[in-house]
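Student: The following block contains the structure, expressed as structure tokens.
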Amino acid sequence: MSILVVGATGATGRLLVEQLLNEGEQVRVIVRSVQSLPEHLIQNPKLTITEASVLDMSDAALQEQVKGCYAIASCLGHNLSCKGLFGQPRRLVTDSAKRLCQAVESTNPANPVKYVLMNTTGNQNKQAGETVSLGQRIVVGLLRYLLPPHADNEQAARFLQSHYKASGDAIEWAAVRPDSLINEAEPTPYEVHASPTRDAIFDAGKTSRINVAGFMSELIVNDDIWNKWRGQMPVIYNAQE
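1320 is the number that the working numbering gives to position 142 of the sequence shown; each next residue is one higher, with no gaps.
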């Protein structure tokens, strides 16, 4: 059995792929350019690389990618450039989730496939009864209107929430919500909460990408952790010193 990772060339995606390979897992990635991956990952015999775009692949090709996978991890995001923020595809994260989940359903897996989505703590989980400050509502409302990537992240999580609710579904899911992402060379202690403990706009915490990758890897390979957080949107922060 394998794990499929999309968004593997991003700053967090690369760390997740490396973590899973270090765990001894067989990993598949779909990337636009192989050269965007570090050489040590390209040379790893446990990594299978497909050079393509998830949104441009045929249904049959995508079904082949998910066949035999027990988990899919999405670290997809929009580049912080004018084209990345405002160009097409504006619903990269959401449309990729839909296509991948539909591909899984078409293969009729014997057991539910885990879908781990990297999201954002700025995405309010209304189904869990989360409330936010008036200031955060105003700012997030502006972000939703002015920056398409924020709405994309919200819609991706909402799609998973609305379509996969029962334990017998082909997909089980968790949406990991880090706060302000930072780069750290090594993992550090971190905290995971069911809902934000800080205001995502006016009192944001920090989360290192390597910790996000570590937690996403744990969700995939550790069934006890998965059973604790499946169907939820856990928030991850670096532990405060």
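Glycine included, each C-beta is placed from N, C-alpha and C at the ideal position.
Does DSSP put residue 1296 in a helix, a strand or coil?
Tutor: Strand, per DSSP.
Student: Taking the straight line between their C-alpha atoms, what separation do you get for residue 1186 and residue 1312?
Tutor: Cα-Cα distance, rounded: 36 angstroms.
Student: Taking residue 1416 as part of the beta strand (DSSP E), name the residues at either end of that continuous run.
Tutor: Per DSSP, residue 1416 belongs to the beta strand (DSSP E) from 1413-1416.
Student: Given a cut-off of 8 angstroms, decide if residue 1379 and residue 1317 are closer than it, judged by their beta-carbon atoms.
Tutor: Contact: yes.
Student: Taking the straight line between their C-alpha atoms, what separation do you get for residue 1263 and residue 1330?
Tutor: Because the pLDDT of residue 1263 is 49, which lies under 50, any placement of that residue in the model is unreliable, and the question is left without a value.
Student: I'd like to confirm the pairing. Which residues does DSSP put opposite residue 1227 in its beta bridges?
Tutor: Partner(s): 1207.
Student: What are the residues that DSSP puts in a beta bridge with residue 1291?
Tutor: Partner(s): 1349.
Student: Would the beta-carbon of residue 1182 fall within 8 angstroms of that of residue 1206?
Tutor: Taking 8 angstroms as the Cβ cut-off, residue 1182 and residue 1206 qualify as a contacting pair.
Student: Cα separation between residue 1199 and residue 1225?
Tutor: Spanning the two alpha carbons is a distance of roughly 8 angstroms.
Student: Does the Cβ-Cβ distance between residue 1415 and residue 1369 come in under 8 angstroms?
Tutor: Closer than 8 angstroms, so yes.
Student: Could you pull out every residue in the same chain whose Cβ sits closer than 8 angstroms to the Cβ of residue 1291, ignoring the five residues on either side in sequence?
Tutor: Contacts found: 1244, 1247, 1248, 1249, 1250, 1282, 1348, 1349, 1350.
Student: Check for me: the beta strand (DSSP E) holding residue 1384 runs from which residue to which?
Tutor: First-last of the beta strand (DSSP E) with residue 1384: 1384-1386.
Student: Is residue 1417 near residue 1356, with beta carbons less than 8 angstroms apart?
Tutor: Going by C-beta atoms, residue 1417 is not nearer than 8 angstroms to residue 1356.
Student: In its own chain, which residues sit with a C-beta less than 6 angstroms from the C-beta of residue 1332, not counting the 5 before and 5 after it?
Tutor: Only 1301 meet the Cβ criterion.
Student: If you drop the 5 nearest sequence neighbours on each side, which residues of the same chain put their C-beta closer than 7 angstroms to that of residue 1209?
Tutor: So the list reads 1186, 1187, 1215, 1227, 1229, once near-sequence residues are dropped.
Student: Closest by CA to residue 1254, which one among 1307, 1296, 1386, 1381?
Tutor: Minimum Cα distance to residue 1254 is reached at 1296.
Student: Assign residue 1190 to buried or exposed, taking buried as 16 or more other Cβ atoms, counted over all protein chains shown, within 10 Å of its Cβ.
Tutor: Flag for residue 1190 reads buried.
Student: Alpha carbon to alpha carbon, how far is residue 1360 from residue 1383? Give it in angstroms, no decimals.
Tutor: When rounded, the distance between both Cα atoms is 10 angstroms.
Student: Excluding sequence positions up to five away, which residues of its chain have a Cβ less than 7 angstroms from the Cβ of residue 1353?
Tutor: Excluding sequence neighbours, residue 1353 sits near 1295, 1297, 1335, 1338, 1411.
Student: Can you tell me whether residue 1196 is buried or exposed? The criterion is at least 16 other CB atoms within 10 Å of its CB, across all chains shown.
Tutor: Residue 1196 is buried by the Cβ-count criterion.
Student: Once the 5 residues before and after residue 1212 are set aside, which same chain residues still bring their CB inside 6 angstroms of it?
Tutor: Excluding residues within five positions, the ones whose Cβ falls inside 6 angstroms are 1227, 1229.
Student: Quick one, which of 1184, 1194, 1180 has its alpha-carbon nearest residue 1388's?
Tutor: Comparing Cα-Cα distances from residue 1388 to each of 1184, 1194, 1180, the minimum goes to 1194.
Student: Kindly indicate which three-state DSSP category residue 1253 falls into: helix, strand or coil?
Tutor: Residue 1253 falls in the coil class under three-state DSSP.
Student: By DSSP, does residue 1181 sit in helix, in strand, or in coil?
Tutor: Note: residue 1181 maps to strand in three-state DSSP.
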